[in-house]
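Chemist: Quick one: the structure is below, and I'll ask about it shortly.
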DNA sequence: AATTGTTGTTGTCTTTCAGTAAGCATATGA
DNA sequence: TCATATGCTTACTGAAAGACAACAACAATT
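Residue numbers (this note's numbering), protein chains in the order written: chain A, 13 to 217; chain B, 13 to 217.
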């Protein structure tokens with residue numbers, strides 16, 4: 013569908029955009045390709061627009077848009093704070109181990125929600141089909157009974173199901189081999205699980 | 013950290029950007045807020061830059077960038093074609109039921125990979141901890157033994173584990189209640205599972 | 001009391017930048 | 001063969017847009 017040259021141009025646009033966060037002007041395109049005229053760049057852009065891979069907003073500077081980008085939902089950056097059941101004693105200690113960028117609609121959380129992610133270690137939630145190595149996405153909010161939560165219980169953080177019995181909240185593992193955790197002193201809920209991402213080639217059991 | 017007014021300005025920038033795919037000019041900001049001068053907009057932008065929430069590229073038009081956006085990995089749009097084990101007889105029939113935008117690094121697939129997603133229905137893969145309602149992300153590539161694949165077997169599409177025994181490939185469910193599927197006529201692999209996304213409030217067992 | 005930050009105003013100046021007109025050579029398909 | 005798409009060139013225009021100077025009122029610190 014696209015010619016060789018048009019492909020090169022599109023490539024340049026994408027690269028420029030990811031590097032600089034904005035689109036090149038026609039003169040910058042001209043310079044990059046070594047054109048003697050900016051009109052060459054303009055006509056190429058026109059061709060790309062006719063083929064639907066870009067959209068132009070007439071009269072405005074650097075006003076090129078990739079159509080996919082427009083009907084995309086808003087992307088949020090979910091920071092990965094670390095592994096669960098390992099450290100993270102204080103809430104401010106944000107051992108940011110990377111980020112997870114995903115559109116907000118896929119998570120099913122409101123735009124205002126504060127979210128973060130933790131990597132699961134261990135198999136205490138295996139009966140809820142949460143595997144070791146999975147990445148759980150949590151929202152900072154009040155837990156309801158039955159929610160899966162990351163909680164700081166007596167100094168250690170774990171992922172468990174939040175249960176209330178006789179007005180007494182405690183944590184329940186989803187694995188017969190693990191006991192219930194009844195808080196001795198404190199029970200601080202750090203987040204409520206809203207989504208889960210399993211990734212990589214490690215899909216082999 | 014930000015003042016009321018600066019918050020409003022940032023809000024406007026984000027909204028304008030998601031709506032139009034590009035940044036407003038200082039004069040557009042001026043007009044939106046009803047300033048009598050564009051310098052007001054400029055000085056606000058300067059303040060936002062000093063506080064680190066935006067970056068400006070001097071001399072260029074509409075050259076405002078959100079810093080997070082810059083160190084973000086490239087976002088790919090994974091189309092959701094439909095439910096597994098339901099329809100999707102032909103490969104071209106793309107009942108696009110929405111999209112999943114996620115940064116490519118989180119998926120662990122090469123940039124060139126062709127990916128798509130399917131919503132799982134049924135519990136035949138429950139022992140691999142894939143639940144009904146989960147969204148599996150698949151890549152178009154050759155399966156290796158042990159991979160979880162979406163396959164068209166004798167006219168129907170299912171998600172199963174790809175096994176080879178005595179040089180004979182067949183499909184295996186991860187649930188004792190389901191039998192192995194040995195292809196009678198044909199076995200077309202539609203994609204190899206590379207990631208899984210479980211979302212929504214339905215985290216309650 | 002002096003300084004700095006916020007939120008503005010009236011101006012002017014200059015560069016960036018998109019857009020157009022007119023032309024030319026080579027392909028590709030009808 | 002005639003039309004149409006591609007891939008360029010030179011030359012010009014005018015609007016879009018950033019940048020700066022100078023000033024002013026008001027808060028919050030130092």
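Cβ atoms here follow ideal geometry from the backbone N, Cα and C, with glycine treated the same way.
Here the structure is a predicted model, which is why all the values come from computation and not from measurement.
Mapping DSSP to helix, strand and coil, what is residue 21 of chain B?
Modeler: helix
Chemist: So, is the C-beta of residue 86 of chain A closer than 7 angstroms to a C-beta in chain B?
Modeler: yes
Chemist: Contact criterion: CB-CB distance below 7 angstroms. Does residue 222 of chain B meet it with respect to chain A?
Modeler: The requested residue 222 of chain B does not occur in the structure, where chain B is confined to residues 13 to 217.
Chemist: Measuring alpha carbon to alpha carbon, tell me which of B:18, B:159 and B:144 ends up nearest residue 150 of chain B.
Modeler: Of the listed residues, the one whose Cα sits closest to residue 150 of chain B is B:159.
Chemist: Which residues does DSSP pair with residue 205 of chain B in a beta bridge?
Modeler: B:150
Chemist: Between the stretch 190-200 of chain B and the stretch 163-171 of chain B, can you find at least three pairs of beta-carbon atoms closer than 8 angstroms?
Modeler: yes
Chemist: Check distances from the C-beta atoms of the stretch 130-143 of chain B to those of chain A and list, in chain order, the residues that come in under 9 angstroms.
Modeler: Within the stretch 130-143 of chain B, the qualifying residues are 138, 139, 140, 141, 142 and 143.
Chemist: Please identify the residue among A:197, A:148 and A:188 whose C-alpha is closest to the C-alpha of residue 204 of chain A.
Modeler: A:148
Chemist: Kindly indicate the opening and closing residues of the alpha helix (DSSP H) around residue 79 of chain A.
Modeler: For residue 79 of chain A, the enclosing alpha helix (DSSP H) covers residues 79-82.
Chemist: Quick check: the stretch 165-174 of chain B against the stretch 182-190 of chain B, are at least 3 beta-carbon pairs closer than 8 angstroms?
Modeler: yes
Chemist: DSSP three-state call for residue 135 of chain A: helix, strand or coil?
Modeler: coil
Chemist: Decide if the stretch 136-147 of chain A is in contact with the stretch 116-124 of chain A; the criterion is three or more beta carbon pairs, one per stretch, under 8 angstroms apart.
Modeler: no
Chemist: Below 8 angstroms on the Cβ atoms is my contact criterion, and I expect residue 34 of chain A with residue 74 of chain B to pass it. Report the Cβ-Cβ distance as a whole number of Å.
Modeler: Between residue 74 of chain B and residue 34 of chain A the Cβ distance is about 7 angstroms, and since that is below 8 angstroms, they are a contact.
Chemist: Going by DSSP, which residues form a beta bridge with residue 171 of chain A?
Modeler: A:162
Chemist: Report the option in B:36, B:143 and B:93 whose CA atom is closest to the CA atom of residue 127 of chain B.
Modeler: Answer by Cα proximity: B:93.
Chemist: Indicate the three-state DSSP secondary structure (helix, strand or coil) for residue 99 of chain A in the structure shown.
Modeler: Interpretation of residue 99 of chain A is limited by its pLDDT of 38, a score under 50 that renders its predicted location unreliable; no figure is taken from the coordinates.
Chemist: Applying a beta-carbon distance threshold of less than 7 angstroms, which residues of chain A neighbour residue 8 of chain B?
Modeler: The structure shown does not extend to residue 8 of chain B, since chain B is modelled only from 13 through 217, so no value can be given for it.
Chemist: Measuring straight from C-alpha to C-alpha, what distance separates residue 24 of chain A and residue 130 of chain B?
Modeler: 32 angstroms
Chemist: Could you spell out the range, first to last residue, of the alpha helix (DSSP H) harbouring residue 114 of chain A?
Modeler: Not the alpha helix (DSSP H): residue 114 of chain A falls in the beta strand (DSSP E), residues 111-115.
Chemist: If you run the structure through DSSP and keep just helix, strand and coil, what is residue 15 of chain A?
Modeler: The answer is coil: DSSP assigns residue 15 of chain A none of H, G, I, E or B.
Chemist: Between residue 54 of chain A and chain B, is there a C-beta pair that is closer than 7 angstroms?
Modeler: no
Chemist: Residue 84 of chain A and residue 113 of chain B look like a contact to me (Cβ under 8 angstroms); what is the Cβ gap, rounded to whole Å?
Modeler: Taking 8 angstroms as the upper bound for CB-CB distance, residue 84 of chain A and residue 113 of chain B are in contact here, some 5 angstroms apart.
Chemist: Under 7 angstroms between beta-carbons, which chain B residues line up against residue 81 of chain A? List them in chain order, please.
Modeler: Within chain B, the residues whose beta carbon sits less than 7 angstroms from that of residue 81 of chain A are 33, listed in sequence order.
Chemist: Just to confirm, is the Cβ distance from residue 20 of chain B to residue 38 of chain B under 7 angstroms?
Modeler: no
Chemist: Just mark residue 200 of chain B as buried or exposed, buried being the case when its beta carbon has 16 or more other beta carbons within 10 Å.
Modeler: exposed
Chemist: Only counting runs of 4 or more residues, tell me where the alpha helix (DSSP H) segments fall wholly within the stretch 24-51 of chain A, in order along the chain.
Modeler: If we require 4 residues or more, the alpha helix (DSSP H) runs fully inside the stretch 24-51 of chain A come out as 38-45.
Chemist: Put residue 129 of chain B into one of helix, strand or coil per three-state DSSP.
Modeler: strand
Chemist: Locate the beta strand (DSSP E) running through residue 181 of chain A, then write down its first and last residues.
Modeler: 180-184
Chemist: Taking 7 angstroms as the threshold (beta carbon to beta carbon), is residue 125 of chain B in contact with chain A?
Modeler: no
Chemist: Taking only beta-carbon atoms, is residue 210 of chain B less than 7 angstroms away from chain A?
Modeler: Residue 210 of chain B counts as touching chain A.
Chemist: Using three-state DSSP, classify residue 157 of chain A as helix, strand or coil.
Modeler: coil
Chemist: Give me whichever residues DSSP pairs with residue 87 of chain B in a beta bridge.
Modeler: B:115
Chemist: Buried or exposed: residue 90 of chain B, going by 16 or more other Cβ atoms within 10 Å of its Cβ?
Modeler: Buried.
Chemist: Can you tell me the Cα-Cα spacing of residue 95 of chain A and residue 167 of chain A, whole angstroms?
Modeler: 15 angstroms
Chemist: How many Å lie between residue 57 of chain A and residue 66 of chain A at the Cα?
Modeler: 8 angstroms
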